[in-house]
Every structure is written in C-alpha cells, then in structure tokens.
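Beneath this line is the structure, given in structure tokens, with notes to follow.
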Amino acid sequence: MVFLQNLKVTIKIVGTIWLMLSLTILFDCYIEDDFSDAVDVIYFLAFAPLVAVQTYIYTCLKESQLNKLVCSIIFSLIGVLLLWMFLLVASFLEQEDISLRFIIVMGSLIFVCLVATYYQLPWEKDDV
Numbered sequence: 500m501v502f503l504q505n506l507k508v509t510i511k512i513v514g515t516i517w518l519m520l521s522l523t524i525l526f527d528c529y530i531e532d533d534f535s536d537a538v539d540v541i542y543f544l545a546f547a548p549l550v551a552v553q554t555y556i557y558t559c560l561k562e563s564q565l566n567k568l569v570c571s572i573i574f575s576l577i578g579v580l581l582l583w584m585f586l587l588v589a590s591f592l593e594q595e596d597i598s599l600r601f602i603i604v605m606g607s608l609i610f611v612c613l614v615a616t617y618y619q620l621p622w623e624k625d626d627v
C-alpha cells in the first residue's frame, strides 16, 4: 500500500517533468522544422520501469531499520547499476560502441544526485 502511494506521487512528478521535456523537444523540432528528434519523447518512456523499481527500493529502505546514510548509499548504488544496465542494453540494441568515460561520468553524477535526493526525502513529515 505504501509503495503504491509512493509510486503515485513519483509518477506525478516524473510525468510532469516528462511532459515539460516533451513539449520543449517538440516545440524545438517545430521551430527548426526538423522532426528527427521527436522520437526522443517516446524514448523517455523506456525509463518508466527504472523509476518503478527505484520507487520500490525507496519504499523498502524507508521501512527498514537501517541508518539513513546507509540507505541513501544502497539506493544510489542500485539506481546507478540499473542505469548502467539500461545503457548497456540500449547500446547493444542500437549496435553502438559504449563510451566508458560517459558511463563513469554519468554514473558518478547520478550517484551523487540520488544520494542527495534520498537523503532529503520525504519533503513532509507525514509522507513515507
């Protein structure tokens, strides 16, 4: 039940961000009269399973008795590993070379962002 509540809130937030990014991309395609990037809007939906898994992990860690810092590190490591798997599968399907530098830089950046995000959530005391 708690997971579904967290997922509902997460979908609202991520959906709002997805909508704004999609509108920006489509508007930019319209202005430049080049709709080759319009497919990127659909590619964003591929992240939905990652968001759902991260929400489930967040809910499990919040209900555990572990230290908040340890939970934030576990949450971030799992998030980065999921993203790396996603990137590896995507590069395999598109048959492109994998840029190890890009994966390391993005993984490090996302790790720091996820630690900070977990550490500050929930934003209200009544939330889970």
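Heads up: the sequence shown begins at 500 in our numbering, then just goes up one per residue. C-beta atoms are modelled at their ideal positions from N, C-alpha and C, and glycine is treated no differently.
### Of the residues L525, T558, I516, the one placed nearest Q504, counting alpha carbons only
T558
### Query
Just checking my contact of L463 with L582 at CB under 8 Å: how many whole Å lie between their CB atoms?
Residue 463 is absent from the structure shown; the chain starts at 500 and stops at 627.
### Query
Fully enclosed by the region 539 to 594, which alpha helix (DSSP H) runs are 4 residues long or longer?
539 to 542, 547 to 561, 567 to 593
### Query
Do F543 and W517 have their C-beta atoms within less than 8 Å of each other?
yes
### Task
Output yes or no for whether 8 Å exceeds the beta carbon distance between I556 and F574.
yes
### Query
Using CA coordinates, which residue listed in S607, F601, S598, A545 is at the minimum distance from V579?
S607
### Query
Which of the three DSSP states, helix, strand or coil, is assigned to I597?
coil
### Task
Determine the extent of the alpha helix (DSSP H) in which D536 is found, giving its start and end residues.
No alpha helix (DSSP H) contains D536, which DSSP labels as neither H nor E.
### Message
Buried or exposed for Y529, going by 16 or more other Cβ atoms inside 10 Å?
### Response
exposed
### Task
Using three-state DSSP, classify L506 as helix, strand or coil.
helix
### Task
Identify whether L620 lies in helix, strand or coil by the three-state DSSP scheme.
coil
### Task
Within its chain, find whatever has a CB closer than 8 Å to the CB of L576; leave out the 5 residues flanking it on each side and keep chain order.
F610
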